[in-house]
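Numbers given in the working numbering equal positions in the sequence shown, counted from 1, plus 13.
The structure appears below as structure tokens.
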Amino acid sequence: MEISRHPIFKTRSPRGFLTLLTWLKSLWTPPTPPTPPHVAQALRLIRARYDAAVTNDENRRHWANADNLSANAANNPDVRRLLRNRARYEVANNSYARGIVLTLANDVIGTGPRLQMLTENAKVNRQIEQEWMAWSKAVGLPEMLRTLRMSRASDGEGFATLINNPALPTPVQLDLKLIEADQVTTPDLFGNEPNALDGIVFDQYGNPAEYHVLKQHPGDPTGTLYGDYEHVPAQNVIHYFRRDRAGQGRGVPDITPALPLFAHLRRYTLAVITAAEIAAIPGGVLYTDAPANGEAESVEPMDLIELERGMLMTMPGGWKMSQMEASQPTTTYGEFKREILNEIARCLNMPFAISAGNSSGYNYASGRLDHQMYFKAIRVEQAHLEVVVLDRILNAWLAEAALIQGYLISRTNLEQVPHTWFFDGHEHVDPLKESSAQALRLANHTTTYADEYARRGLDWETQLRQRAKELELMNELGLTLPGQSPDPTTPDSNKSDQNPEDSDAETADETVPAD
Numbered sequence: 014m015e016i017s018r019h020p021i022f023k024t025r026s027p028r029g030f031l032t033l034l035t036w037l038k039s040l041w042t043p044p045t046p047p048t049p050p051h052v053a054q055a056l057r058l059i060r061a062r063y064d065a066a067v068t069n070d071e072n073r074r075h076w077a078n079a080d081n082l083s084a085n086a087a088n089n090p091d092v093r094r095l096l097r098n099r100a101r102y103e104v105a106n107n108s109y110a111r112g113i114v115l116t117l118a119n120d121v122i123g124t125g126p127r128l129q130m131l132t133e134n135a136k137v138n139r140q141i142e143q144e145w146m147a148w149s150k151a152v153g154l155p156e157m158l159r160t161l162r163m164s165r166a167s168d169g170e171g172f173a174t175l176i177n178n179p180a181l182p183t184p185v186q187l188d189l190k191l192i193e194a195d196q197v198t199t200p201d202l203f204g205n206e207p208n209a210l211d212g213i214v215f216d217q218y219g220n221p222a223e224y225h226v227l228k229q230h231p232g233d234p235t236g237t238l239y240g241d242y243e244h245v246p247a248q249n250v251i252h253y254f255r256r257d258r259a260g261q262g263r264g265v266p267d268i269t270p271a272l273p274l275f276a277h278l279r280r281y282t283l284a285v286i287t288a289a290e291i292a293a294i295p296g297g298v299l300y301t302d303a304p305a306n307g308e309a310e311s312v313e314p315m316d317l318i319e320l321e322r323g324m325l326m327t328m329p330g331g332w333k334m335s336q337m338e339a340s341q342p343t344t345t346y347g348e349f350k351r352e353i354l355n356e357i358a359r360c361l362n363m364p365f366a367i368s369a370g371n372s373s374g375y376n377y378a379s380g381r382l383d384h385q386m387y388f389k390a391i392r393v394e395q396a397h398l399e400v401v402v403l404d405r406i407l408n409a410w411l412a413e414a415a416l417i418q419g420y421l422i423s424r425t426n427l428e429q430v431p432h433t434w435f436f437d438g439h440e441h442v443d444p445l446k447e448s449s450a451q452a453l454r455l456a457n458h459t460t461t462y463a464d465e466y467a468r469r470g471l472d473w474e475t476q477l478r479q480r481a482k483e484l485e486l487m488n489e490l491g492l493t494l495p496g497q498s499p500d501p502t503t504p505d506s507n508k509s510d511q512n513p514e515d516s517d518a519e520t521a522d523e524t525v526p527a528d
């Protein structure tokens, strides 16, 4: 076939020429091979995207500080020092911050944890529990634990070293020495040491091997003159912090996300007070509606007029007196404080009512729901405290107690003994409903006395022994037991059932002498 005779060459329209060019291109272009299925799938995945991964002019400044640093690089010594200083300053000067941190420590630690041994020897259990309680009171363990919890909130971490204190009145002379996070550092640390972090040296498995503790606090007057530090073995150091990321070796303050909000709250409160004071200071202002060159009498600018209570005053011609309008605080001031406090307390799993110390806007159901969430978070923190702090201290105490001749009844197999810890219970908002539910659970055998006493932070065995003593003494004294009615066969109950008049008559008859 001749190309010149093809029907496509007989057209003279522009559209025909475009069709001609397309036809000629198809003669010299090799056919496109079909796209493999896996390539087509990859192309479809590439075209998919997340809205949060898009960077545009609207969100570029918002995500400017996002990075891919590791946990330890993000929490480098300079960053942790800055966060500690700001958190301490806010807690020291902000009443809400101070109250939140104190409330959190009181709710987590309370009056202190109580030990219950679970060995098969009841006599050994009671002896260890009593001696542990005496030792914990001697060293002030509950107060130290509350300080550790407050340090974690404001400093990010708390440290304590296990030391020997000969001044203790107890046979076991184990003691705790609290250390601030500023003091755990390595002044001569170089960045090329893979197993070392600021203040901590790790072994090949990532476990802390030793801690570097400055001999003096860097904030002391002479603390900056010396850089000497001690190498303390890891088994003698308790490091209490919350690990939020994998590989994180040091902690940051729990209130870190709330620090800007605390600053906003204080600045707004001060601004409202300043505006209200400025509006309340002047008694009034003289003003005129006349033009600049009007007929109003001339008045000395910035002149002051002393006012007396209940007096009448005449104004210069053309002048009027007006008081400043007190527009601050506005009606939204209280709502703003509630919202920002709610946001502040959220990073601590604390409801608004507890953070603000105000439950005026709550009903019964809302209060219970908020407290359930908060108490669940408290139980999680207490479980973490048991593993990281309390069990470590107990093992060290038992190890030293076993070495003292004649101190414990049994000195064998005291390492890793079964035990549990009890913390203060939380009062129910409706004790009557809670007691009814408790009685129903016990009647249905869906709970135990151990569980019910544990809800109140009490040792069930100790409480039952005490109850047995009380019942025995009540029976001995002839007192009515709770839930029982008086026995009608007893002489005392018969006398109580008699009519008072009959009783008086019998008494009168007895006093009459016989003939």
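Each residue gets a CB set at the ideal place from its N, CA and C atoms; glycine is no exception.
Endpoints, beta strand (DSSP E) assigned at residue i
i       : result
Trp-145 : Element bounds for Trp-145: not the beta strand (DSSP E) but the alpha helix (DSSP H), 135-152.
Ala-529 : No answer is possible for residue 529: it lies beyond the span of the chain, which begins at 14 and ends at 528.
Arg-127 : 127-130
Pro-431 : Segment: none, Pro-431 is in no beta strand (DSSP E) and carries neither H nor E.
Ala-259 : Ala-259 -> no beta strand (DSSP E), and no H or E assigned at all.
Ile-192 : 187-192
His-384 : Premise fails: His-384 lies in the alpha helix (DSSP H), 377-398, not in any beta strand (DSSP E).
Glu-223 : 221-227
Pro-246 : 242-246
Residue burial classification, residue i (beta-carbon count within 10 angstroms, cutoff 16)
i       : result
Gly-419 : exposed
Pro-504 : Residue placement at Pro-504 is flagged as unreliable, the pLDDT there being 49, under the threshold of 50; a coordinate-derived value is accordingly withheld.
Pro-266 : buried
His-225 : buried
Tyr-63  : exposed
Leu-283 : exposed
Asn-488 : exposed
Asn-88  : buried
Ser-506 : With a pLDDT of only 45 at Ser-506, under the threshold of 50, the placement of this residue in the model should not be trusted; the figure read from the coordinates follows. By the neighbour-count rule (16 or more Cβ atoms within 10 Å), Ser-506 is not buried but exposed.
Gly-260 : exposed
Thr-48  : exposed
Thr-199 : buried
Ala-456 : exposed
Range of the contiguous alpha helix (DSSP H) that encloses residue i
i       : result
Thr-475 : 473-490
Tyr-63  : Counting along the chain, Tyr-63 falls outside any alpha helix (DSSP H), and DSSP gives it neither H nor E.
Trp-410 : 404-414
Tyr-420 : It is not in any alpha helix (DSSP H) - Tyr-420 carries neither H nor E in the DSSP assignment.
Phe-215 : No alpha helix (DSSP H) holds Phe-215; the beta strand (DSSP E) holding it covers 213-215.
Val-197 : Premise fails: Val-197 is in no alpha helix (DSSP H) and is neither H nor E.
Asn-9   : Nothing about residue 9 can be reported from this structure: the residues present for the chain run from 14 to 528 only.
Gly-347 : 346-359
Asp-464 : 462-468
Ser-108 : 108-122
Ser-373 : Ser-373 -> no alpha helix (DSSP H), and no H or E assigned at all.
Phe-203 : Counting along the chain, Phe-203 falls outside any alpha helix (DSSP H), and DSSP gives it neither H nor E.
Phe-275 : 272-293
Glu-440 : Where Glu-440 is concerned, there is no enclosing alpha helix (DSSP H), given that its DSSP letter is neither H nor E.
Contact belief for residue i with residue j at Cβ below 8 Å, rounded distance in angstroms
i       : j       : result
Ile-113 : Leu-272 : Not really, about 12 Å apart at Cβ, beyond 8 Å.
Leu-191 : Gly-262 : Not quite, the Cβ-Cβ distance comes to about 20 Å (not below 8 Å), so this is no contact.
Ile-357 : Tyr-387 : Actually they are not in contact, since the Cβ atoms of Ile-357 and Tyr-387 sit about 14 Å apart, beyond 8 Å.
Asp-195 : Gly-232 : 6 Å
Leu-398 : Gln-140 : Their Cβ separation, rounded to whole angstroms, is 25 Å, which puts Leu-398 and Gln-140 out of contact at 8 Å.
Gly-470 : Gly-491 : That belief does not hold up - the Cβ atoms of Gly-470 and Gly-491 are roughly 34 Å apart, past 8 Å.
Ala-481 : Trp-473 : Contact doesn't hold; Cβ gap of about 12 Å is too wide.
Ala-289 : Pro-234 : With a Cβ gap of about 42 Å, Ala-289 and Pro-234 do not count as contacting.
Leu-354 : Phe-365 : 6 Å
Val-137 : Ser-423 : 5 Å
Asn-107 : Arg-280 : Contact flag wrong, Cβ pair sits at about 11 Å.
Leu-175 : Ala-369 : No, Leu-175 and Ala-369 are not in contact; Cβ-Cβ is about 39 Å, not under 8 Å.
Top-ranked residue by Cα proximity to residue i, from the options
i       : options                            : result
Gly-153 : Asn-138, Asp-188, Thr-35           : Asp-188
Arg-101 : Met-363, Glu-352, Ile-268, Leu-455 : Ile-268
Tyr-242 : Gln-217, Ala-276, Asp-201          : Asp-201
Leu-95  : Pro-179, Gly-264, Glu-223, Phe-349 : Gly-264
Arg-127 : Ile-213, Met-146, Ala-118          : Met-146
Val-401 : Lys-389, Asn-249, Glu-465          : Asn-249
Pro-184 : Ala-65, Ala-414, Pro-444           : Ala-414
Pro-221 : Pro-246, Asn-205, Asn-371, Asn-376 : Pro-246
Lys-350 : Tyr-109, Ala-53, Thr-493           : Tyr-109
Ala-151 : Gln-186, Ala-118, Asn-78           : Gln-186
Glu-223 : Asn-72, His-230, Ile-213           : Ile-213
Assess, as a yes-or-no matter, whether the region 104-123 is touched by the region 155-169 under the definition of 3 or more beta carbon pairs within less than 8 Å.
The count of Cβ pairs closer than 8 Å, one atom from the region 155-169 and one from the region 104-123, reaches three, so the stretches are in contact.
Can you find at least 3 beta carbon pairs, one from the region 251-258 and one from the region 166-179, that sit closer than 8 Å?
Counting Cβ pairs under 8 Å, three or more are found: they touch.
Any chance the region 474-494 sits against the region 438-457, with 3 or more Cβ pairs inside 8 Å?
Verdict: no, contact absent.
Hey, is the region 130-143 in contact with the region 426-441, meaning 3+ C-beta pairs nearer than 8 Å?
Two segments are said to touch when three or more pairs of C-beta atoms, one from each, lie closer than 8 Å; by this definition the region 130-143 touches the region 426-441.
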